[in-house]
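Colleague: Read in order, the letters of the first sequence are residues 185 to 640 in our numbering.
After the structure tokens below, expect a handful of questions from me.
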Amino acid sequence: MSQKPTLPKGTRDFGPAQMGKRNFIFSAIKQVFEKYGFMPLETPAMENLSVLTGKYGDEGDQLLFKVLNSGDFLSKAKETDFAAGSKQLLPKISEKGLKYDLTVPFARYVVMNRHDLALPFKRYQIQPVWRADRPQKGRYREFYQCDADVVGTNSLICETEIILMINEVFAKLGIKDFDIKINHRKILTGITQAIGATGKESDFCVAIDKLDKIGIDKVLEEMKGRGISEEATQKALPILALTGTIEEKIAHLKNILQNSEEGLQGIKDLEEILETLKTFDLDQHHVDFDVTLARGLSYYTGAIFEVKVNNVSIGSVSGGGRYDDLTGVFGVPDLSGVGFSFGVDRIYDVMEELDIFPEEARTSTEVLIIHFDDESKKYGLSVLNQLRKVGIKSEIYPDSAKPKKQFDYANKKNISYTIVIGSDEIATQKLSFKNMASGQQEKLTLEEILKQLSKH
RNA sequence: GUGGUUGUAGUUCAGUUGGUUAGAACGCCUGAUUGUGGUUCAGGAGGUCGUGGGUUCGAGUCCCAUCUUCCACCCCA
Numbered sequence: 185m186s187q188k189p190t191l192p193k194g195t196r197d198f199g200p201a202q203m204g205k206r207n208f209i210f211s212a213i214k215q216v217f218e219k220y221g222f223m224p225l226e227t228p229a230m231e232n233l234s235v236l237t238g239k240y241g242d243e244g245d246q247l248l249f250k251v252l253n254s255g256d257f258l259s260k261a262k263e264t265d266f267a268a269g270s271k272q273l274l275p276k277i278s279e280k281g282l283k284y285d286l287t288v289p290f291a292r293y294v295v296m297n298r299h300d301l302a303l304p305f306k307r308y309q310i311q312p313v314w315r316a317d318r319p320q321k322g323r324y325r326e327f328y329q330c331d332a333d334v335v336g337t338n339s340l341i342c343e344t345e346i347i348l349m350i351n352e353v354f355a356k357l358g359i360k361d362f363d364i365k366i367n368h369r370k371i372l373t374g375i376t377q378a379i380g381a382t383g384k385e386s387d388f389c390v391a392i393d394k395l396d397k398i399g400i401d402k403v404l405e406e407m408k409g410r411g412i413s414e415e416a417t418q419k420a421l422p423i424l425a426l427t428g429t430i431e432e433k434i435a436h437l438k439n440i441l442q443n444s445e446e447g448l449q450g451i452k453d454l455e456e457i458l459e460t461l462k463t464f465d466l467d468q469h470h471v472d473f474d475v476t477l478a479r480g481l482s483y484y485t486g487a488i489f490e491v492k493v494n495n496v497s498i499g500s501v502s503g504g505g506r507y508d509d510l511t512g513v514f515g516v517p518d519l520s521g522v523g524f525s526f527g528v529d530r531i532y533d534v535m536e537e538l539d540i541f542p543e544e545a546r547t548s549t550e551v552l553i554i555h556f557d558d559e560s561k562k563y564g565l566s567v568l569n570q571l572r573k574v575g576i577k578s579e580i581y582p583d584s585a586k587p588k589k590q591f592d593y594a595n596k597k598n599i600s601y602t603i604v605i606g607s608d609e610i611a612t613q614k615l616s617f618k619n620m621a622s623g624q625q626e627k628l629t630l631e632e633i634l635k636q637l638s639k640h
């Protein structure tokens with residue numbers, strides 16, 4: 185009885201072709217992170233549920249994958265727990281969960297190791313995370329995040345450096361048309377004060393975050409639905425419709441927020457970030473100030489970012505922001521951090537949609553050795569040894585097979601060159617070196633072949 | 001979590017109001033070609049129709065459940 189194997193919902197295999205492309209993205213990100221002084225960190229796939237729960241809101245808790253206790257997981261549960269429902273039963277049968285993002289495990293790490301850390305601590309982390317979400321295009325239940333965070337400094341240089349890193353990574357990847365949207369949590373707070381909806385900040389944010397998706401009318405409707413007064417929504421209207429350059433928007437908002445100390449502080453932060461950016465003289469920084477950017481995660485308290493690639497059907501590919509008190513829930517207050525994350529799976533989808541993966545992302549074997557009989561196969565092994573000694577990615581067809589089969593193998597693996605060896609080649613010491621793309625073939629000594637290959 | 005959608009050969013898809021033995025293209029294998037792949041030609045293999053029930057004389061087709069896919073909402077990378 186054989187059964188067809190299947191994958192769990194929302195998970196994927198990555199074949200060699202995909203991995204070549206994925207690694208291309210990973211290494212671009214890694215190089216940039218390290219160039220900016222971030223050090224790698226890895227944390228376990230599982231965390232204790234006490235670490236994870238309550239950090240992402242009720243919605244987030246629901247999306248956590250819980251791991252059943254090992255052994256007799258029912259042993260601690262009583263009938264009364266079972267009768268009381270899942271919420272009561274859960275802690276009795278599950279103590280661990282798969283991590284939901286990289287920021288909370290990072291905060292946990294900082295707290296556990298704070299005496300050893302050189303503050304400010306800069307780390308990057310590239311690992312899979314899991315969410316029990318319903319999958320869709322660009323949304324998976326297992327996906328990779330690439331986080332870089334700095335903790336232990338309030339300096340806005342960090343924010344500027346995030347903008348620089350995003351620019352560098354996208355330049356490496358060849359993504360040209362994108363916007364780094366930036367906003368500030370304090371500006372959002374300021375706006376709610378200015379329009380007379382103080383305290384309604386999170387309702388306000390949830391509503392305006394949808395602006396580009398559902399349009400201004402529906403946003404105003406949603407605000408009313410969330411208990412923001414008619415008068416306030418009317419006041420919000422011109423603010424949400426702000427246009428012009430970053431400088432113009434800032435000037436305008438300064439006026440609107442003149443009575444909000446918090447709002448003005450947010451503006452000041454933004455100005456400083458942009459001012460610092462100037463000293464790095466980028467041709468184009470892709471930054472756009474977007475007052476409607478809110479972002480869901482509630483722990484952000486300062487600048488917030490989101491990156492959108494234009495003219496593709498994928499949502500944001502990167503996001504982040506500053507959080508003043510991330511480690512507070514673990515008993516270490518007043519440690520400010522700022523960080524952001526690249527969504528590799530989405531960047532992959534974007535690059536696939538734009539068809540901009542370079543040839544180098546499709547690395548394969550460079551040379552296949554093809555042989556006709558046992559003698560030439562044996563001779564081929566010594567040739568193979570020479571190729572590998574100089575670092576050429578090479579392999580020999582391991583079985584004795586017809587040349588057609590061996591050539592088919594080379595085609596299928598997209599191998600650029602073949603070296604064909606038979607009795608003639610052994611006798612003359614001149615090997616048949618074939619370019620698989622052009623079909624051209626010439627008889628060369630091994631040394632000449634090595635010279636040819638080193639050019640590529 | 002709510003509502004909808006999808007599933008037929010390795011892959012992409014046909015398959016009539018329920019009616020004989022479920023098709024095509026591409027891919028795969030063999031040969032034409034025993035020292036040369038991509039092209040061409042000839043032949044061949046490959047399907048518990050997602051899974052489990054039900055209705056019917058008869059189900060790929062209708063009904064129910066379940067899994068999966070994609071989409072919208074919620075939320076998010």
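All C-beta atoms, glycine included, are put in the ideal place defined by N, C-alpha and C.
Around the Cβ of L252, are there at least 16 other Cβ atoms within 10 angstroms (buried) or fewer (exposed)?
Modeller: Locating residue 252 in the first sequence gives position 68, where the first residue counts as 1. By the 10 Å Cβ count, L252 comes out exposed.
Colleague: Return the chain-ordered ranges of every alpha helix (DSSP H) run that is complete within the stretch 371-438 and spans a minimum of 4 residues.
Modeller: Entirely contained in the stretch 371-438, the alpha helix (DSSP H) runs reaching 4 residues are, in chain order, 385-392, 395-409 and 414-424.
Colleague: Around the C-beta of I457, are 16 or more other C-beta atoms found within 10 angstroms, so that it is buried, or is it exposed?
Modeller: One-based indexing of the first sequence puts residue 457 at position 273. By the 10 Å Cβ count, I457 comes out buried.
Colleague: Cα-Cα, which of Y308, S259, F257 and F290 is closest to G221?
Modeller: As a working note, residue 221 is residue 37 in the first sequence. Measuring from the Cα of G221, the nearest candidate turns out to be Y308.
Colleague: Where does the unbroken alpha helix (DSSP H) through D558 begin, and where does it stop?
Modeller: What you label residue 558 is simply residue 374 of the first sequence in a count that begins at 1. D558 to K573 is the extent of the alpha helix (DSSP H) around D558.
Colleague: So N367 is in the beta strand (DSSP E); what residue range does that whole segment cover?
Modeller: Translated into the one-based positions of the first sequence, residue 367 becomes position 183. Unbroken beta strand (DSSP E) run through N367: F362 to H368.
Colleague: Would you list the residues sitting across from K618 in a DSSP beta bridge?
Modeller: Reading the first sequence from its first residue, position 434 is the one you call residue 618. For K618, which the question treats as bridged, DSSP gives the partners T602 and Q625.
Colleague: Whose CA, out of I610, Y593 and R479, lies closest to the CA of D393?
Modeller: Along the first sequence, read from residue 1 onward, the residue named residue 393 stands at position 209. Considering only alpha carbons, the answer is R479.
Colleague: How many Å lie between N619 and F217 at the Cα?
Modeller: On the first sequence, residue 619 is found 435 positions in, with the first residue counted as 1. On the first sequence, residue 217 is found 33 positions in, with the first residue counted as 1. Distance between the alpha carbons of N619 and F217 is about 38 Å.
Colleague: Distance check for L247 and S254, CA to CA, integer angstroms please.
Modeller: As a working mapping, residue 254 is identified with position 70 in the first sequence. As a working mapping, residue 247 is identified with position 63 in the first sequence. Straight-line Cα distance between these residues: approximately 21 Å.
Colleague: In the DSSP assignment, what are the bridge partners of V496?
Modeller: Translated into the one-based positions of the first sequence, residue 496 becomes position 312. The partner list for V496 (beta bridge, DSSP) is empty, contrary to what the question assumes.
Colleague: Compute the beta-carbon to beta-carbon distance between E550 and K577, rounded to the nearest angstrom, for a pair I have assumed lies under 8 Å.
Modeller: For this step, residue 550 is matched to residue 366 along the first sequence. For this step, residue 577 is matched to residue 393 along the first sequence. About 5 Å; that satisfies the 8 Å criterion.
Colleague: Give the C-beta separation of D317 and T287 to the nearest angstrom, bearing in mind that I take them to be a contact with Cβ-Cβ under 8 Å.
Modeller: Reading the first sequence from its first residue, position 133 is the one you call residue 317. Reading the first sequence from its first residue, position 103 is the one you call residue 287. Not quite, the Cβ-Cβ distance comes to about 17 Å (not below 8 Å), so this is no contact.
Colleague: Could you spell out where the beta strand (DSSP E) holding Q311 opens and where it closes?
Modeller: Stepping through the first sequence from its first residue, residue 311 is reached at position 127. Unbroken beta strand (DSSP E) run through Q311: F305 to W314.
Colleague: Roughly how many whole angstroms lie between the Cα atoms of S186 and N569?
Modeller: Mapped onto the first sequence, residue 186 falls at position 2. Mapped onto the first sequence, residue 569 falls at position 385. Reliability of the predicted coordinates at S186 is poor, the pLDDT of 45 falling under 50, and the value obtained from them is presented with this limitation in mind. So the two alpha carbons sit approximately 42 Å from each other.
Colleague: Under DSSP, the beta strand (DSSP E) around S332 begins and ends at which residues?
Modeller: In the first sequence, the residue the question calls residue 332 occupies position 148. The residue asked about is misnamed: residue 332 is Ala in this sequence, not Ser. Counting along the chain, the beta strand (DSSP E) containing A332 begins and ends at E326 to V335.
Colleague: According to DSSP, is Y507 part of a helix, a strand, or is it coil?
Modeller: The residue labelled residue 507 in the question sits at position 323 within the first sequence. Correct three-state label for Y507: strand.
Colleague: Would the stretch 559-568 count as touching the stretch 578-586 if we require 3 or more Cβ pairs under 8 Å?
Modeller: The stretch 559-568 is in contact with the stretch 578-586.
Colleague: Rounding to the nearest angstrom, what Cα-Cα distance links V475 and L357 in this structure?
Modeller: Position 291 of the first sequence, counting from 1, holds the residue named residue 475. Position 173 of the first sequence, counting from 1, holds the residue named residue 357. Roughly 28 Å between the two C-alpha positions.
Colleague: Do E446 and K370 have their beta-carbon atoms positioned less than 8 Å apart in this structure?
Modeller: Counted from its first residue, the first sequence places residue 370 at position 186. Counted from its first residue, the first sequence places residue 446 at position 262. In contact: K370 and E446 (Cβ atoms closer than 8 Å).
Colleague: So is the beta-carbon of S566 under 7 Å away from any non-hydrogen atom of the ligand GDP?
Modeller: Among the components of this structure there are no ligands whatsoever, and the ligand GDP is therefore not found.
Colleague: Take the Cβ of Q418 as the centre, count every other Cβ of all protein chains shown within 10 Å, and call the residue buried at 16 or more, exposed below.
Modeller: Reading the first sequence from its first residue, position 234 is the one you call residue 418. With fewer than 16 other Cβ atoms within 10 Å, it is exposed.
Colleague: Any chance the stretch 495-514 sits against the stretch 300-307, with 3 or more Cβ pairs inside 8 Å?
Modeller: No, the stretch 495-514 does not touch the stretch 300-307.
Colleague: Alpha helix (DSSP H) containing N351: first to last residue?
Modeller: The residue given as residue 351 occupies position 167 in the first sequence. Residues I341 to L357.
Colleague: Give the DSSP bridge partners of F257, in chain order.
Modeller: Along the first sequence, read from residue 1 onward, the residue named residue 257 stands at position 73. Partner(s): none; F257 has no beta bridge.
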